[in-house]
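Please read the structure below before turning to the comments.
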């Protein structure tokens, strides 16, 4: 079954392929994320399909739309011997009569297919860096087996973006969620899977798929090293639990919860909290898109409005790389045409360009899902720069975007000077302020 252009379609495999390839001239297709879900050997078929989609021009838009894969008890790391053992067990547990053993011919064919399965697994490894993955492994044993059919070593993947969890089930019922069961654990597992589907849908396509000019424009917006480092540290005690609770309490979908400002002395707890929000709380929730800026002294010129706008815009457009050509390339191309190749990045991305560009581009990103902008050490900016950023958020509200509530902002600041409230500043008066010691 495929979902093509908003409709569920069932057809034999070859007919589905023809339907999909005939529809690839629809320019909207590549804007709709495709998530693949596979169980057991079905996961291997998905790998082969993605290998073909990446390699063949007829399926290019399908590959561009692919965001990730959800695997239920899928083997990723088996030797030739292990593949043979796995296939024989699959034949046995799928026998039409319990206890019926596979025939010699069936076992011979299974052994002959081991090399092909090894080849698919190995070839797919080069594509793993482009996609996000969620892997579920067995939390219970199948009756009659002494070990999980697919254990943790067999399910291991060396993919950079992956989540791995155990579900309360064995190989055959791992992806079955029967509502008539009414067990809280089953319902909870269904909610877990649903949240991980949202995570995959929100995953950004790797930037290797944008053209050279778009990549150059993005790199000029934020050259290597421009962001500084995001050090992920374990939180200890103190303010961290209260900060986390405050953030989670304000992380709803209502319009009053989308602007949060945490104020208080700078300390390791607050720094750990910011990094925890960026790397854990947001990416693994339904609100999986995050753009952040760390305002410290690690890079010269960091405490400027230009830096804040460039950094957060860079993160936002990495999430939706298809938008780079529309929003960045025209400004980049114009500057190159005027100043030849030696034009400085700072001369391209001036406030005159960034201030009107930021609300418009962010509005387009949020039309595709929730975006959370996190700014650490916000009070380190001069007051006029703080006011300039708040005005950009206000200008976002005034755009034609119909998804205004999809922009969430978390500001974390010390006890420095802050803008005063103004009748004109709608956004400043809309922040929920949480003060910590």
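Numbering (the working numbering), first residue to last: 292 to 728. For each residue, glycine too, the CB sits at the ideal point set by N, CA and C.
| Asked | Found |
| --- | --- |
| Under the rule that 16 or more other beta-carbon atoms within 10 Å means buried, what is residue 364, buried or exposed? | buried |
| Within 8 Å, do at least three Cβ pairs link the stretch 648-667 to the stretch 682-689? | yes |
| Tell me the DSSP bridge mates of residue 701? | 551, 665 |
| Residue 342 and residue 413 - do their beta-carbons sit closer together than 8 Å? | no |
| What would DSSP say about residue 433, mapped onto helix, strand or coil? | coil |
| Give every residue of the same chain whose Cβ lies closer than 6 Å to the Cβ of residue 605, excluding the five residues on either side of it in the sequence, and list them in chain order. | 512, 513 |
| Which class does residue 484 belong to by DSSP, given the choice of helix, strand or coil? | helix |
| I need the boundaries of the beta strand (DSSP E) containing residue 583, first residue and last residue. | 580-585 |
| Pairing CB atoms from the stretch 424-434 with CB atoms from the stretch 395-408, are three or more of them under 8 Å? | no |
| Alpha carbon to alpha carbon, how far is residue 444 from residue 416? Give it in angstroms, no decimals. | 16 Å |
| Would you kindly report the start and end of the unbroken alpha helix (DSSP H) that includes residue 674? | 674-689 |
| How is residue 507 classed by DSSP in three states: helix, strand or coil? | helix |
| Please state whether the Cβ-Cβ distance between residue 661 and residue 697 is less than 8 Å. | yes |
| On the CB-based measure, 16 or more other CB atoms within 10 Å of its CB, does residue 525 come out buried or exposed? | With a pLDDT of 39 at residue 525, under the threshold of 50, the modelled position of that residue is not reliable, and the figure given next carries that caveat. Under this definition residue 525 is an exposed residue. |
| Which residues in the same chain have their Cβ closer than 6 Å to the Cβ of residue 679, if we skip the five residues on either side of it in sequence? | 596 |
| Which of the three DSSP states is assigned to residue 330 in this structure? | strand |
| Just the Cα atoms here: how many angstroms apart are residue 465 and residue 329? | 11 Å |
| Taking the alpha helix (DSSP H) that residue 450 falls in, what are its first and last residues? | Unbroken run through residue 450: none, as it is neither H nor E. |
| What is the DSSP secondary structure of residue 623, counted as helix, strand or coil? | helix |
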